[in-house]
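Chemist: One structure, pasted below without further comment.
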Amino acid sequence: MTAMMAVCMVAAHDEAWFRHLYAEAYRPLLAYVRRRVDAATADEVVADTLLTAWRRRDDVPEGSERLWLFGVARNMIRNATRSSRRRQAAHDRLRLVRPAEADEPVAPEVGERSTLITAALAALSEADREVLMLVAWEELSHAEIGQVLGISANASAIRVHRARKRLAARLDRLDDASAGEGSAS
0 MTAMMAVCMV AAHDEAWFRH LYAEAYRPLL AYVRRRVDAA TADEVVADTL
50 LTAWRRRDDV PEGSERLWLF GVARNMIRNA TRSSRRRQAA HDRLRLVRPA
100 EADEPVAPEV GERSTLITAA LAALSEADRE VLMLVAWEEL SHAEIGQVLG
150 ISANASAIRV HRARKRLAAR LDRLDDASAG EGSAS
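Those letters in the sequence shown? Residues 0 to 184, by this note's numbering.
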């Protein structure tokens, strides 16, 4: 076999690996990212994440590809967020900011409990929201969350437990405040 034939065989194997990775991971990865950033940023983050997977295909752990992609996407979201903040700060300093417009229309009322949950989640730290979203929406185990966040499964379980306690406490406070408003009417 010539060197050129060997290169062609490796390239074909790599392409097949990437096609399989894309087919298996694209939708869950896009859903994960879209829950964290706007649609345009999500598309960029997913594309950059998949490009990173292609470039670093030898570093992608076999059997944990999706979790590795979530970890890469998480880092890219952080970078995109920091970059966005820097751009916004520069615009503010240059006084080029136009009046703020709503990014998305407000959703219709979907029930008081849903509103309370949304408010309680919004009041949590970003770290707490992130682990709760990984459990609830991505349906990841503590070990998988640990892999995404770069921490041990035990540390992940502790973070999830503490975040759930803080969410429950916020919900209790909001329930109490809501009940107080209802009886004052």
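Even for Gly, the Cβ is constructed at its ideal location relative to N, Cα and C.
Mark L50 as exposed unless 16 or more other C-beta atoms lie within 10 angstroms of its C-beta, in which case mark it buried.
Modeler: Stepping through the sequence shown from its first residue, residue 50 is reached at position 51. L50 should be labelled exposed.
Chemist: Roughly how many angstroms lie between the CA atoms of L93 and G179, to the nearest whole one?
Modeler: Against the sequence shown, residue 93 aligns to sequence position 94. Against the sequence shown, residue 179 aligns to sequence position 180. Residue placement at L93 is flagged as unreliable, the pLDDT there being 48, under the threshold of 50; a coordinate-derived value is accordingly withheld.
Chemist: Give me the residue from V71, A168 and D58 with the minimum Cα distance to L28.
Modeler: Translated into the one-based positions of the sequence shown, residue 28 becomes position 29. Selected option, being the one with the closest Cα: V71.
Chemist: Please list the terminal residues of the continuous alpha helix (DSSP H) segment that includes I144.
Modeler: In the sequence shown, the residue the question calls residue 144 occupies position 145. H141 to L148 is the span of the alpha helix (DSSP H), which, as asked, contains I144.
Chemist: Are the beta-carbon atoms of L115 and L123 separated by less than 9 Å?
Modeler: Here the question's residue 115 lines up with position 116 in the sequence shown. Here the question's residue 123 lines up with position 124 in the sequence shown. It is not a contact, given that the beta carbons lie outside the stated cut-off.
Chemist: Does DSSP put P27 in a helix, a strand or coil?
Modeler: Here residue 27 refers to the residue found at position 28 of the sequence shown. Helix at P27.
Chemist: Could you tell me the alpha carbon to alpha carbon distance between V45 and K164, rounded to whole angstroms?
Modeler: Stepping through the sequence shown from its first residue, residue 45 is reached at position 46. Stepping through the sequence shown from its first residue, residue 164 is reached at position 165. If you take the alpha carbons of V45 and K164, they lie about 32 Å apart.
Chemist: Using the C-alpha atoms, what's the distance from D47 back to R26?
Modeler: Taking the sequence shown and counting its residues from 1, the one referred to as residue 26 is at position 27. Taking the sequence shown and counting its residues from 1, the one referred to as residue 47 is at position 48. So the alpha carbons of these two residues sit roughly 15 Å apart.
Chemist: Is it true that the CB of A52 sits closer than 9 Å to the CB of L68?
Modeler: As a first step, residue 68 must be located in the sequence shown, where it is residue number 69. As a first step, residue 52 must be located in the sequence shown, where it is residue number 53. Taking 9 Å as the Cβ cut-off, L68 and A52 qualify as a contacting pair.
Chemist: Who are the Cβ neighbours of F17 in its own chain at under 6 Å, not counting the five residues just before and after it?
Modeler: As a first step, residue 17 is located in the sequence shown; it is residue number 18 there, counting from the start. Closer than 6 Å at the Cβ level, and outside the excluded window around F17, lie W53.
Chemist: Where do the N-terminal and C-terminal ends of the alpha helix (DSSP H) with L123 fall, by residue?
Modeler: Taking the first residue of the sequence shown as position 1, residue 123 is located at position 124. Premise fails: L123 is in no alpha helix (DSSP H) and is neither H nor E.
Chemist: State the CB to CB distance for the pair L148 and L139, rounded to an integer number of angstroms; the pair is presumed to be in contact (CB under 8 Å).
Modeler: As a first step, residue 148 must be located in the sequence shown, where it is residue number 149. As a first step, residue 139 must be located in the sequence shown, where it is residue number 140. Not confirmed; about 10 Å, so no contact.
Chemist: May I have the straight-line CA-CA distance separating D185 from R158, to the nearest angstrom?
Modeler: This structure cannot settle anything about residue 185, because the visible part of the chain is limited to 0 through 184.
Chemist: Does DSSP classify E137 as helix, strand or coil?
Modeler: Stepping through the sequence shown from its first residue, residue 137 is reached at position 138. Correct three-state label for E137: coil.
Chemist: Kindly indicate which residue of D175, E64 and S177 has the alpha-carbon position closest to the one of Q146.
Modeler: Locating residue 146 in the sequence shown gives position 147, where the first residue counts as 1. Minimum Cα distance to Q146 is reached at E64.
Chemist: Excluding the 5 residues preceding and the 5 following A162 in the sequence, name in chain order all residues of the same chain whose CB lies nearer than 6 Å to its CB.
Modeler: Stepping through the sequence shown from its first residue, residue 162 is reached at position 163. If we look at A162 and ignore the five residues flanking it on each side, its Cβ neighbours are D127, V130 and L131.
Chemist: Going by the beta-carbon positions, is the gap between A79 and E125 smaller than 9 Å?
Modeler: Here residue 79 is taken as the residue at index 80 of the sequence shown, counted from 1. Here residue 125 is taken as the residue at index 126 of the sequence shown, counted from 1. Not a contact, by the Cβ cut-off of 9 Å.
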